[in-house]
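In the working numbering, the protein residues as written are 14 to 114.
Think of the CB as a built atom: it goes at the ideal place given N, C-alpha and C, for glycine as much as any other residue.
This structure is a prediction, so every number in the text was calculated from the model and none was measured.
Here's the structure we're looking at; comments come further down.
See the structure below:
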């Protein structure tokens, strides 16, 4: 595993900032990405976090697609899907696709 133990991916810079500050306050190493493709490039190069935290709705790639891509590269990495939208169907789909409980 890398020293960046939590990777955050969200197109909203304020969400990334808040999550980074909260994790850093708890002395947790983190790395953030605006674009899910950048996160996948890091995984493909052999760098792995302990966990990925991803928004479900992003313009470049939705969180469900990212979840599937991460698990194809590194199935042992837990992926936490978050959303600002209360959508039960998305929550059920994320859980059924292997998102961390």
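Helix, strand or coil, according to DSSP, for residue 86 in the structure here?
Three-state DSSP puts residue 86 in a helix.
Considering only DSSP beta bridges, list what residue 95 is partnered with.
68
Let me check understanding here. Comparing Cα to Cα, which of 71, 65, 82 lies closest to residue 43?
Closest by alpha carbon: 65.
By DSSP, does residue 27 sit in helix, in strand, or in coil?
helix
Following the continuous beta strand (DSSP E) through residue 41, name the residue where it begins and the one where it ends.
Careful: residue 41 lies outside any beta strand (DSSP E) and carries neither H nor E.
Short of 6 Å in beta carbon distance, which residues of its chain neighbour residue 23, apart from the five on each side in sequence? Order them along the chain.
29, 68
Using the Cα positions of residue 58 and residue 97, report the straight-line distance between them to the nearest angstrom.
Near 31 Å, if we compare the C-alpha coordinates of residue 97 and residue 58.
Applying the 10 Å Cβ sphere with the 16-neighbour rule, what's the burial state of residue 19?
buried
How many Å lie between residue 32 and residue 88 at the Cα?
Roughly 24 Å between the two C-alpha positions.
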